[in-house]
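Peer 1: This is the structure, below, for whatever I ask next.
In full-length UniProt numbering, the protein residues as written are 1 to 155.
This is how it looks when you write it as structure tokens:
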């Protein structure tokens with residue numbers, strides 16, 4: 001085989017191992033038959049459900065220690081995001097996903113979601129349309145969410 005092809009095969013196999021680990025964390029769905037992109041999409045959907053359920057324990061496993069979260073009101077790290085979810089400071093009630101795409105670059109997967117988010121923020125129910133960027137990284141053979149960023153779109 002050509003060296004470039006061998007490198008790509010090794011990279012894909014390594015990322016597949018990471019996603020298998022993620023499957024143990026997420027839902028137990030039979031991911032071995034799915035593509036890498038589909039595994040990331042499934043993990044993202046699980047994340048939205050965990051956020052709606054305020055399941056901070058599952059989210060704590062998914063979020064990398066150095067993860068960052070960018071919202072309309074500011075940006076912060078893992079512990080603050082988990083605290084906000086636990087306390088209900090932001091309650092992600094329902095994310096309706098309209099469009100999703102995944103790009104894999106090396107051991108990093110970038111997922112883009114176009115969503116309508118129903119949330120309770122500071123006691124007020126609000127609905128906003130967002131383009132959400134999720135970055136998943138392979139850290140020591142474990143898949144983690146490294147970044148979650150919300151960009152408001154529409155009127």
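Just so you know, even glycine gets a beta-carbon here, dropped at the ideal spot from N, CA and C.
I need the boundaries of the alpha helix (DSSP H) containing residue 86, first residue and last residue.
Peer 2: As a first step, residue 86 is located in the chain shown; it is residue number 86 there, counting from the start. That run of the alpha helix (DSSP H) goes 78-87.
Peer 1: Let me know the secondary structure DSSP gives residue 93 once reduced to three states.
Peer 2: As a position in the chain shown, residue 93 is number 93, starting the count at 1. Looking at residue 93 - three-state DSSP - the assignment turns out to be strand.
Peer 1: Helix, strand or coil for residue 121, going by three-state DSSP, please let me know.
Peer 2: As a working note, residue 121 is residue 121 in the chain shown. If DSSP states are grouped into helix, strand and coil, residue 121 belongs with the strands.
Peer 1: Check residue 53 in the structure and name its three-state DSSP category.
Peer 2: Working through the chain shown from its first residue, we reach residue 53 at position 53. Three-state result, residue 53: coil.
Peer 1: Counting along the chain, where does the beta strand (DSSP E) carrying residue 153 start and finish?
Peer 2: Here residue 153 refers to the residue found at position 153 when the chain shown is read from its first residue. Counting along the chain, residue 153 falls outside any beta strand (DSSP E), and DSSP gives it neither H nor E.
Peer 1: Should residue 74 go down as buried or exposed, given a rule of 16 or more other Cβ atoms within 10 Å for buried?
Peer 2: Counted from its first residue, the chain shown places residue 74 at position 74. So residue 74 ends up on the exposed side.
Peer 1: Near residue 130, which residues of its chain fall below 7 Å by C-beta distance, leaving aside the five closest residues on each side in sequence?
Peer 2: On the chain shown, residue 130 is found 130 positions in, with the first residue counted as 1. Closer than 7 Å at Cβ, skipping near neighbours: 115, 117, 150, 151, 152, 153.
Peer 1: Which partner residues of residue 116 appear in the DSSP bridge assignment?
Peer 2: The residue labelled residue 116 in the question sits at position 116 within the chain shown. For residue 116, which the question treats as bridged, DSSP gives the partners 96, 129.
Peer 1: To the nearest angstrom, report how far apart residue 93 and residue 78 are at their CA atoms.
Peer 2: Counting from 1 along the chain shown, the entry for residue 93 is found at position 93. Counting from 1 along the chain shown, the entry for residue 78 is found at position 78. Going by the C-alpha atoms only, they are around 20 Å apart.
Peer 1: Tell me, which residues are paired with residue 144 by DSSP?
Peer 2: The residue labelled residue 144 in the question sits at position 144 within the chain shown. 137, per the DSSP bridge assignment.
Peer 1: Is the beta carbon of residue 137 closer than 8 Å to that of residue 108?
Peer 2: Taking the first residue of the chain shown as 1, we reach residue 108 at position 108. Taking the first residue of the chain shown as 1, we reach residue 137 at position 137. Yes, they are a contact pair.
Peer 1: Residues in the same chain with beta-carbon distance under 7 Å from residue 139, minus the five sequence neighbours each way, listed in chain order, please.
Peer 2: The residue labelled residue 139 in the question sits at position 139 within the chain shown. Within the same chain, residue 139 has close Cβ partners 64.
Peer 1: From residue 55 to residue 148, what does the alpha carbon distance come to, in whole angstroms?
Peer 2: Reading the chain shown from its first residue, position 55 is the one you call residue 55. Reading the chain shown from its first residue, position 148 is the one you call residue 148. So the alpha carbons of these two residues sit roughly 17 Å apart.
Peer 1: With DSSP collapsed to three states, give me the class of residue 58.
Peer 2: If you number the chain shown from 1, residue 58 lands on position 58. In this structure, residue 58 counts as helix in the three-state DSSP scheme.
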